[in-house]
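Written below as C-alpha cells is the structure these notes are about.
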Amino acid sequence: MKITIRERIKKNKAKQSYQNTIEKAMPLLFFLMASLSILVTLGIIYTLLRETIMFFTHISLFDFITGTEWYPFFENNPSYGIWPLLSGTFTIAIIAMLVAVPIGLASAIYLSEYASDRSRRILKPILEVLAGVPTVVYGLFALTFVTPLMQTFVTDLPIFNALSPGIVVGIMIIPQITSLSQEAMNAVPQSVRDGAYALGATRLEVALKIVIPGSFSGIVSSLVLGLSRAIGETMIVSTAAGSTPNLGFTPTESIQTMTSYIVQVSMGDATFGSTIYYSIYAVGMTLFLFTLIMNILANHISRKYREVY
Amino acid sequence: MKNNSVTPDEKQIDRRIIKNKLAKGVFFLGTLFGIIVLAALLIRIFTQGIAYLDFGFLSNFASRRPEDAGIRAAILGTIWIMSITIPVSLILGVSTSIYLEEYAPRNKFTRFIELNLANLAGVPSVVFGLLGLTVFVRLLEMGRSILAGGFTMSLLILPVIVVASKEAIRAIPQEQYDAAYAMGATKWQIIRTVVLPAATPGILTGAILSLSRGVGETASLLMIGAMTFIAYTPASVLDGFTVLPIQIFSWASRPQAEFQAVAAAGSIVLLVILIVMNTLAIIIRNNYSKRY
Numbered sequence: 001m002k003i004t005i006r007e008r009i010k011k012n013k014a015k016q017s018y019q020n021t022i023e024k025a026m027p028l029l030f031f032l033m034a035s036l037s038i039l040v041t042l043g044i045i046y047t048l049l050r051e052t053i054m055f056f057t058h059i060s061l062f063d064f065i066t067g068t069e070w071y072p073f074f075e076n077n078p079s080y081g082i083w084p085l086l087s088g089t090f091t092i093a094i095i096a097m098l099v100a101v102p103i104g105l106a107s108a109i110y111l112s113e114y115a116s117d118r119s120r121r122i123l124k125p126i127l128e129v130l131a132g133v134p135t136v137v138y139g140l141f142a143l144t145f146v147t148p149l150m151q152t153f154v155t156d157l158p159i160f161n162a163l164s165p166g167i168v169v170g171i172m173i174i175p176q177i178t179s180l181s182q183e184a185m186n187a188v189p190q191s192v193r194d195g196a197y198a199l200g201a202t203r204l205e206v207a208l209k210i211v212i213p214g215s216f217s218g219i220v221s222s223l224v225l226g227l228s229r230a231i232g233e234t235m236i237v238s239t240a241a242g243s244t245p246n247l248g249f250t251p252t253e254s255i256q257t258m259t260s261y262i263v264q265v266s267m268g269d270a271t272f273g274s275t276i277y278y279s280i281y282a283v284g285m286t287l288f289l290f291t292l293i294m295n296i297l298a299n300h301i302s303r304k305y306r307e308v309y
Numbered sequence: 001m002k003n004n005s006v007t008p009d010e011k012q013i014d015r016r017i018i019k020n021k022l023a024k025g026v027f028f029l030g031t032l033f034g035i036i037v038l039a040a041l042l043i044r045i046f047t048q049g050i051a052y053l054d055f056g057f058l059s060n061f062a063s064r065r066p067e068d069a070g071i072r073a074a075i076l077g078t079i080w081i082m083s084i085t086i087p088v089s090l091i092l093g094v095s096t097s098i099y100l101e102e103y104a105p106r107n108k109f110t111r112f113i114e115l116n117l118a119n120l121a122g123v124p125s126v127v128f129g130l131l132g133l134t135v136f137v138r139l140l141e142m143g144r145s146i147l148a149g150g151f152t153m154s155l156l157i158l159p160v161i162v163v164a165s166k167e168a169i170r171a172i173p174q175e176q177y178d179a180a181y182a183m184g185a186t187k188w189q190i191i192r193t194v195v196l197p198a199a200t201p202g203i204l205t206g207a208i209l210s211l212s213r214g215v216g217e218t219a220s221l222l223m224i225g226a227m228t229f230i231a232y233t234p235a236s237v238l239d240g241f242t243v244l245p246i247q248i249f250s251w252a253s254r255p256q257a258e259f260q261a262v263a264a265a266g267s268i269v270l271l272v273i274l275i276v277m278n279t280l281a282i283i284i285r286n287n288y289s290k291r292y
C-alpha cells in the first residue's frame, strides 16, 4: 500500500497531538500526586482539630492545660490535666537524651575524625542495623533484659519504670544522632582540618576547635530531631513504662507518656463519642504540636546557622 | 648540656598527645557501646525465644497456651498489609519525587511541598494511626480492615520513599539528559526511557528499606485497631487483621514469662524477615546501581 505524503503528514500530526497531550498530562498527574502529601498533612490537622474541639466541649481547655491530675478512667469526677502525661513524656526524653547525646556524639566524632576508612566501613553498617531494629523488639528488650539489669543496681525498682525504657529509647536514637552529626562533620572541608594539622594540632584539638564549631548547627539540629523522636516513641514506653500518670521527674517509678496513653485507650474499648475517646485526640494534638515545633526548629537551625565554606 | 631534662614546651606537647589518646579511647568506647548493645539484644532475644521456635510456631494461630501459640495470622496479615502498601506507596512516592525533581518550578509552592514532606517524616507514627482511625476506619467506613491498615501504612512510609527516590533521580548525571534531548526526546520520553530505568535500582533499594520499616511498624496499626486475636485466614482486604509486631506486643505485655519467650520467638522471625529485606536492598544497590 502506498502512503501519500499528505497522509503521512496527517498521521504524524495525529501522533504528535497525542504526544503533546501526554506531555501536558504527565506533569499534571505528577503534580496531583505530589500535592497529596499536603493533603495528608491537612488530613492530620483536620482530624486532630475536629476531635480535639469535640473534647473541649466536654472538658475546659483551661483545666486541660493547667490540670495536674490525669484520671480519665474515674467513674465520677474524672480529671483531664495534661501535666502528668507531659512530665512522663519528658522524663523518658531526658533519660534518653542523657544516654544518646554523649554516646551519639562520641561515635560521630570517632567515625568522622579518628576511624580509618576500613573500620568506618565496618562500624557504620552495624550502627545502621541498630537503627533498623523494630521498636516493639526494643520494648521487649527493655522489659525482659534492661529492667532486670537495672534492678541489680537500683533496689526496689518496679517492673514498670521510666528508667529502662528511657535508656532503650536513648539507644534507639543513637544511630540517628550519630549519622546526622557525622554528616554535618563531613561537610567541614578537609583543607580547614589540614590547616590546623599543619600548625601542629592534635586530632582532639581539630575535632573540638575546628570540626565541632564548624558543624555546630548540624549537630544541634540532629539532637533536636533525636529529642523529637524520643517524645514520639510509642512501643518501647507502652511495653516497659507501665501506665501510671505521674507528675514530676520520677525515673524509678511507673509513668505514662502521651503516646502510651493513646495506645492504652485505643487497645481498650473506649466507646466512640465518649470523653475518653476524644481525649486521645487532644493528647495526640499536643504530641503533634510538640514534635512539629521541634522539627521546624531543627530545620531552621540547620539552615540558618550553617557555616558555609 | 642537659640532654635529659624536658623543656616546658615538650611537657605541654606530651600532655596534649596523652589527652588526644585518652579522648580517642573514650570516643571509641562510645562507638563500641552501640555494637555491644546490639550484640546483647540479639543474643538475649535469640536465647529467650529459640525454644519456642519450630514449625508449629509458624503454622499455628495465636493461642492461650504458650506452647501452642503461633504467628500464622500475623505473617498472613503482614503479607496482606504489604500487598496494599507496596503499590500505593511506590506509585505515590515515585510520582512525587519525579514531580519534585523533574517538573517542579523553583517557587514557594514547591518549597512548601518539600518542607511539608520533611515535617511529615517527623510526625510520630501514633499520630498517623489517629489519622487512619478517623479518616479510613470511620470517615470512609473501611472499618478496622486490611485496607485501612494498608493505606495508613502507605502514608506513613511515603516521606521516606520520596526522599530515597529523589536521591536516586538526582544521581543521574546531566549528560544523560543532554544526550536524550539532543536526540529530540521530549520530557516525558526522557523520564520514561532514561530517568526511570537509571533510577530503578536506587528507588528499589530505598523502597525496600522503607518497607522494612513498615514491616516492623506497630503503633499506627495498633491505633486503627488491628486485632490481637485472629484465628482465621483473611480472605479479602475488608477483613480484620493482625501483624507480626502487634502479635509480639500483645505477647510481651502479658505477665507470664512463657509468653515473653513466645514474643522473643516472634521477634526472631521479625528480625530474620528484616535482615532478608535489608540484604536484598544491599544486593540491589551493589549489583545493579550504575556508576557514572
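Chains A and B, in that order, are what the protein sequence lines are.
Residue numbers for the first sequence, in this note's numbering: 1 to 309.
Residue numbers for the second sequence, in this note's numbering: 1 to 292.
By construction, the Cβ of each residue, glycine as well, lies at the ideal position given by its N, Cα and C atoms.
| Asked | Found |
| --- | --- |
| Which residues, in order along the stretch 16–28 of chain A, keep a beta-carbon less than 8 Å from a beta-carbon of chain B? | Q19, I22, E23, M26 and P27 |
| When we look at the beta-carbon of I224 (chain B) and count the other beta-carbons within 10 Å, is it buried (16 or more) or exposed? | buried |
| So, with DSSP's three-state summary, where would you put Y309 (chain A)? | coil |
| Using only the alpha-carbon positions, how far apart do M1 (chain B) and G200 (chain A) sit? | Its pLDDT being 48, under 50, M1 (chain B) is placed unreliably in this model, and the value from its coordinates should be taken loosely. About 27 Å. |
| For the alpha helix (DSSP H) containing L267 (chain B), list its first residue and its last residue. | Just to set this straight, residue 267 (chain B) is Ser in the shown sequence, not Leu. It spans A257 to Y288 - the alpha helix (DSSP H) in which S267 (chain B) sits, taken as one unbroken run. |
| When you check each C-beta in the stretch 190–209 of chain A against every C-beta of chain B, which residues fall closer than 9 Å? | G200, A201, T202, R203, L204, E205, A207 and L208 |
| Given that a residue counts as buried once 16 or more other Cβ atoms are within 10 Å of its Cβ, and exposed if not, what is N107 (chain B)? | exposed |
| Give a yes or no on contact between the stretch 127–144 of chain A and the stretch 242–249 of chain B, applying the rule of three or more CB pairs nearer than 8 Å. | yes |
| What residues of chain A sit near P296 (chain B), judged by a beta carbon separation below 7 Å? | No answer is possible for residue 296 (chain B): the residues shown for chain B start at 1 and end at 292. |
| How close, in whole Å, do the beta carbons of G324 (chain B) and A100 (chain A) come, if the pair is a contact with beta carbons under 8 Å? | Missing from the structure shown is residue 324 (chain B); chain B here goes from 1 to 292 and no further. |
| Who pairs with S79 (chain A) in a beta bridge, going by DSSP? | A:Y71 |
| Please report whether the beta-carbon of V45 (chain B) lies at a distance below 8 Å from any beta-carbon of chain A. | Rather than Val, the amino acid found at residue 45 (chain B) in this sequence is Ile. Judged by the 8 Å Cβ criterion, I45 (chain B) is in contact with chain A. |
| The alpha helix (DSSP H) that contains L211 (chain B), what's its start and end? | L196 to V215 |
| When the Cα atoms are used, what is the spatial distance from M26 (chain A) to S289 (chain B)? | 26 Å |
| So, with DSSP's three-state summary, where would you put L53 (chain B)? | coil |
| With a threshold of 8 Å between beta-carbons, can K2 (chain B) be considered close to chain A, or not? | Reliability of the predicted coordinates at K2 (chain B) is poor, the pLDDT of 49 falling under 50, and no value is obtained from them. |
| Below 8 Å between beta carbons: does that hold for I167 (chain A) and V146 (chain A)? | yes |
| Is the separation between the beta-carbon of L143 (chain A) and that of Y261 (chain A) shorter than 8 Å? | no |
| Which of the three DSSP states is assigned to Q176 (chain A) in this structure? | helix |
| Can you give me the Cβ contacts of A263 (chain B) inside the same chain, cut-off strictly under 6 Å, excluding the 5 residues immediately before and after it? | I248, W251 and A252 |
| Less than 8 Å between the beta carbons of F241 (chain B) and G77 (chain B), yes or no? | yes |
| Taking C-alpha atoms, which residue in A:A187, A:L163, A:I219 and A:R193 lies nearest to Q176 (chain A)? | A:I219 |
| Residues of the stretch 80–102 of chain B with a CB closer than 7 Å to any CB of chain A: list them in chain order, please. | L92, S95, T96, I98, Y99 and L100 |
| Pull up the distance between the alpha-carbon of S297 (chain B) and that of A241 (chain A), whole angstroms please. | One cannot answer for residue 297 (chain B) here, as it falls past the ends of chain B, which runs 1 to 292. |
| In angstroms, rounded to a whole number, what distance separates the CA positions of L223 (chain A) and S83 (chain B)? | 36 Å |
| Measure the Cβ-Cβ separation of L90 (chain B) and A207 (chain B) and say whether it is below 8 Å. | yes |
| For a contact meaning CB atoms closer than 8 Å, what does A264 (chain B) contact in chain A? | L140 and T144 |
| To the nearest whole angstrom, what separates the beta carbons of L222 (chain B) and M258 (chain A), a pair I think is in contact under 8 Å? | Not a contact, Cβ separation roughly 15 Å. |
| Going by beta-carbon coordinates alone, are V127 (chain B) and I301 (chain A) separated by less than 8 Å? | no |
| For a cutoff of 8 Å on Cβ pairs, would you count E307 (chain A) as touching chain B? | no |
| Using the C-alpha atoms, what's the distance from S125 (chain B) back to M33 (chain A)? | 22 Å |
| Inspect the beta-carbon positions of M235 (chain A) and T218 (chain B) and report whether they are closer than 8 Å. | yes |
| Alpha helix (DSSP H) containing S83 (chain B): first to last residue? | R72 to I98 |
| Do you know offhand how far E175 (chain B)'s Cα is from T186 (chain B)'s? | 15 Å |
| Check whether the Cβ atoms of F141 (chain A) and R192 (chain B) sit closer than 8 Å, and answer yes or no. | no |
| Would a check of beta-carbon distances place S314 (chain A) closer than 8 Å to chain B? | The displayed coordinates of chain A run from 1 to 309. Any statement about residue 314 (chain A) would go beyond what the structure contains. |
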